[in-house]
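A short write-up of the structure that comes next.
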DNA sequence: CTAGGGTTAG
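In the working numbering, the protein residues as written are 51 to 747.
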């Protein structure tokens, strides 16, 4: 800081002098600017020299200025000086290469390299590194080959960048060739950079044992060596080994750095040791960079702790850490999971404020968030505002339409994607097939399903088969659906059998349903879902003995039902309800409102549907348990609290029951409000007595 | 003057 202000004062003094200084004064000041890394003052100094027609012949001074501008990303200033230099040597050209490499101007980098009258090995190294950093590893390796052909001996710098290119390309063969050359030329000495690049290359190419073998041989292991190995284990899915290495590293008296921490945090999150991750995070007080913060946010969010993710983000802002596009997209995706429109909108503003709203990561997260909150028009606005789309943003939008019951829009957007010559992937087809499934478009569904492998060369996944089972089952062809399961190239998993069970239950086909339930219970005897489905099917046919035997099986195995709950968000707060909830402070008012609503609906012909009640109890008891399901309580509370005209958003962790669905349809008509209910599988938009899912969910 | 490790959406 002191150097900087001294520098400014010296240059101020020089400027007020009104005459030129001697060459040695200029040289000294330029070097001071370089030392202080102060391109602003350097530019002032250059201007002063030129305004006094002082043109030092010394290319050295110009080169130092050029490099300083290059390092500070002052493209225009550097280019201007370069163009007017009376003499240029290889250092001047290299400075320009470095400038273009750093400012991601690949075309200029390549053109400059080709224009050079003479090159040295640094020129090649700079270009190879430039291409590698700009994610053009093939070009990097091309220049590496060119360097050898042109008769230059590769240096350690060359090997490091070239190996980095191989890691990006997963080019094990090329990597091994370079390794061979390094050994032959005796370059594998004590330079940790080369060792680490090799470890990294083998690790990225999946050769973890080879990476470990090298790591073991590194003479002076530094933090980066350890980090390379730790991230290698993370990469190949051995988080336990990462944590082990982390402890060993500390035993070897090496201090972990920010990279170590963020890798190890990831390893903790992958092994679901969320609290250990939090403890580690709070221990490393002084050395949290934005990657550490982001890892923590993403880790919480991926482990179902979205509220904590948002809390960490607030702490990050309070700690004055600067969020970037990775951070913002992680926080937005936490909001998406919570379907928290209020906070999601605030984050959208934040993204605009820090200038990352048109980043691909952030925009896709925003589209997803708006879709999950049910505000599809906002999602479409973001989609339309994007300068370019990739497969993830297309998928987010297509899927968002499909999830919100806008099946035709989903399919027509898919057609536009194909028109735009974009390659769909398996996620795209999942969205397309689920649109067909909800719109009951059997022929189209079959057509899209067949095109997955035929036209796009993708093997259909279990998710795709699951959609087809729903489609076939819905048209009553349960035998066809079962045939399809038998023909699959994959072993049917629980998703397949539960899809099949769910269509059987809708069609009341107990025979097929029993097959599915049997398979599911073999796979996971503690999952309550199949027991309940089967039991409901028996109950619908009044087979009470079978209902009782399923229930006693459940009890003997001590299978617990998944707790169902619903929540609503307003005033920046989440209000959560369980079935027959009495815990809310305004419980009495809520029940009063709900009873009044139920009476109004019954007047216009609504009959509570108690079919979905598990066991054979008296009608009164069934009636009350259905009447106070969590989503109904959440609805009553929202009606008490929200002004008219505002859409009501309810979220639920499991699928909505038949009675609640019908209830919501009636309500939307009787009171004329738009109700959006997101359950575990999809979005229900209730408007004027109809639901966007067309009663199929 | 040129080089290494970490966050990557649906």
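The beta carbon of each residue, even a glycine, is placed where N, CA and C say it ideally should be.
- Message: With three or more beta-carbon pairs closer than 8 Å as the criterion, would you say the region 106-123 touches the region 136-153?
- Response: yes
Practice task
Identify the continuous alpha helix (DSSP H) that holds residue 76 and give its terminal residues.
Solution key: As a working note, residue 76 is residue 26 in the first chain. Residues 73-86.
Practice task
Give the secondary structure of residue 701 by DSSP, where H, G and I count as helix, E and B as strand, and everything else as coil.
Solution key: If you number the first chain from 1, residue 701 lands on position 651. Here residue 701 sits in strand by DSSP.
When DSSP labels each residue in this structure, what does residue 746 get in the three-state scheme? Counting from one through the first chain, the residue named residue 746 turns up at place 696. Coil at residue 746, not helix or strand.
Could you give the DSSP three-state label for residue 733: helix, strand or coil?
Within the first chain, residue 733 is the residue found at index 683, counting from 1. Three-state result, residue 733: strand.
Which value, in whole angstroms, describes the spacing of the CA atoms of residue 518 and residue 499? Position 468 of the first chain, counting from 1, holds the residue named residue 518. Position 449 of the first chain, counting from 1, holds the residue named residue 499. Residue 518 and residue 499: Cα-Cα distance of roughly 8 Å.
Open item on the list: For residue 243 and residue 747, what's the separation of their Cα atoms in angstroms?
Closed with: Taking the first chain and counting its residues from 1, the one referred to as residue 243 is at position 193. Taking the first chain and counting its residues from 1, the one referred to as residue 747 is at position 697. Rounded to whole angstroms, residue 243 to residue 747 spans 56 Å at the Cα level.
query = Looking at the unbroken beta strand (DSSP E) that takes in residue 623, where does it start and where does it end?
reply = Locating residue 623 in the first chain gives position 573, counting from the first residue. Here the beta strand (DSSP E) through residue 623 covers 623-628.
task = Take residue 731 and list the residues in its own chain whose beta-carbon comes closer than 8 Å to its own, dropping the five residues that flank it on each side.
result = In the first chain, the residue the question calls residue 731 occupies position 681. Closer than 8 Å at the Cβ level, and outside the excluded window around residue 731, lie 705 and 747.
Residues bridged to residue 727 [DSSP beta-bridge criterion]: On the first chain, position 677 is the one that residue 727 refers to. DSSP output for residue 727 lists 700 and 734 as bridge partner(s).
Whole-angstrom distance between residue 566 and residue 375, CA atom to CA atom:
Here residue 375 is taken as the residue at index 325 of the first chain, counted from 1. Here residue 566 is taken as the residue at index 516 of the first chain, counted from 1. If I take the Cα positions, the gap works out to 45 Å.
Residue from 285, 513 and 126 whose Cα sits closest to the Cα of residue 255: Locating residue 255 in the first chain gives position 205, counting from the first residue. The candidate whose alpha carbon is nearest that of residue 255 is 285.
Residue 780 vs residue 555 beta-carbon contact at 8 Å: Absent from the structure is residue 780, since the part of the chain shown begins at 51 and ends at 747.
Point to revise | Uninterrupted alpha helix (DSSP H) stretches inside the region 559-647 (no shorter than 4 residues) | key: 560-573, 578-590 and 594-606
* Can we say the region 615-628 touches the region 674-694, given the rule of at least three CB pairs closer than 8 Å? -> yes
key: Proximal residues to residue 448 (C-beta, below 6 Å), its chain only, five neighbours per side dropped   = As a position in the first chain, residue 448 is number 398, starting the count at 1. These residues qualify, in order along the chain: 460, 463, 464 and 481.
* Could you check the C-alpha separation between residue 615 and residue 575 for me, to the nearest Å? => As a first step, residue 615 is located in the first chain; it is residue number 565 there, counting from the start. As a first step, residue 575 is located in the first chain; it is residue number 525 there, counting from the start. About 23 Å.
Task: Selection from 87, 126, 348 and 277 that minimises the alpha carbon distance to residue 314 - done: Numbered from its first residue, the first chain carries residue 314 at position 264. The option with the nearest alpha carbon to residue 314 is 277.
* Asked: From residue 199 to residue 184, what does the alpha carbon distance come to, in whole angstroms?
  -> The residue labelled residue 199 in the question sits at position 149 within the first chain. The residue labelled residue 184 in the question sits at position 134 within the first chain. Their backbone Cα atoms lie some 24 Å apart in a straight line.
Cutoff 7 Å; reference residue 598; Cβ partners in own chain excluding five residues on either side: Your numbering for residue 598 matches position 548 in the first chain. Contacts found: none.
Is the beta carbon of residue 397 closer than 8 Å to that of residue 378? Along the first chain, one-based indexing puts residue 378 at 328. Along the first chain, one-based indexing puts residue 397 at 347. Their beta carbons are under 8 Å apart, which means residue 378 touches residue 397 by this criterion.
- residue 255 in three-state terms, based on DSSP: Numbered from 1 along the first chain, position 205 holds the residue referred to as residue 255. Looking at residue 255 - three-state DSSP - the assignment turns out to be coil, as it is neither helix nor strand.
request  = Report buried or exposed for residue 580, applying the criterion of at least 16 other Cβ atoms within 10 angstroms of its Cβ.
outcome  = Here residue 580 is taken as the residue at index 530 of the first chain, counted from 1. Residue 580 should be labelled buried.
Counting only the same chain and skipping the five closest in sequence on each side, list residues whose C-beta sits under 7 Å from that of residue 141. Sequence index remark: in the first chain, residue 141 carries index 91 (1-based). Around residue 141: 113.
* How should residue 164 be labelled, buried or exposed, when 16 other C-beta atoms within 10 angstroms of its C-beta is the threshold for buried? -> For the purposes of this step, residue 164 is identified with residue 114 of the first chain, where counting begins at 1. With fewer than 16 other Cβ atoms within 10 Å, it is exposed.
Rounded to whole angstroms, what is the Cα-Cα separation between residue 167 and residue 143? As a working note, residue 167 is residue 117 in the first chain. As a working note, residue 143 is residue 93 in the first chain. Between residue 167 and residue 143, the C-alpha separation is close to 9 Å.
Taking just the CA atoms, how far does residue 304 sit from residue 811? In the structure as shown, the chain starts at 51 and stops at 747, and residue 811 therefore has no counterpart that could be examined.
Query - residue 494 in three-state terms, based on DSSP - result: Numbered from its first residue, the first chain carries residue 494 at position 444. Residue 494: helix per DSSP, three-state reduction.
- prompt: Taking the alpha-carbon positions, what's the residue 647 to residue 541 distance?
  reply: Within the first chain, residue 647 is the residue found at index 597, counting from 1. Within the first chain, residue 541 is the residue found at index 491, counting from 1. Spanning the two alpha carbons is a distance of roughly 48 Å.
- Query: So what's residue 740 in DSSP terms, helix, strand or just coil?
  - Reply: The residue labelled residue 740 in the question sits at position 690 within the first chain. Strand, per DSSP.
Using the C-alpha atoms, what's the distance from residue 577 back to residue 608? Residue mapping note: residue 608 aligns to position 558 of the first chain, counting from 1. Residue mapping note: residue 577 aligns to position 527 of the first chain, counting from 1. Near 10 Å, if we compare the C-alpha coordinates of residue 577 and residue 608.
**Asked** Nearest to residue 626 by CA position, among 700, 363 and 122, is which residue?
**Response** Within the first chain, the letter at position 576 stands for residue 626. Cα-wise, what sits closest to residue 626 is 700.
Considering Cα atoms alone, identify which of 650, 153, 588 and 686 is closest to residue 630.
The residue given as residue 630 occupies position 580 in the first chain. Measuring from the Cα of residue 630, the nearest candidate turns out to be 686.
Note to self: Output needed for residue 343: all residues of its chain with C-beta closer than 6 Å, excluding positions within five of it in sequence on either side, in chain order.
What the structure shows: As a working mapping, residue 343 is identified with position 293 in the first chain. Once the five neighbours on either side are set aside, the close Cβ partners of residue 343 are 366 and 371.
query: CB residue 502 to CB residue 521, shorter than 8 Å?
result: Locating residue 502 in the first chain gives position 452, where the first residue counts as 1. Locating residue 521 in the first chain gives position 471, where the first residue counts as 1. Not a contact, by the Cβ cut-off of 8 Å.
| Straight-line Cα distance separating residue 128 from residue 364 | Translated into positions along the first chain, residue 364 becomes position 314. Translated into positions along the first chain, residue 128 becomes position 78. Near 40 Å, if we compare the C-alpha coordinates of residue 128 and residue 364.
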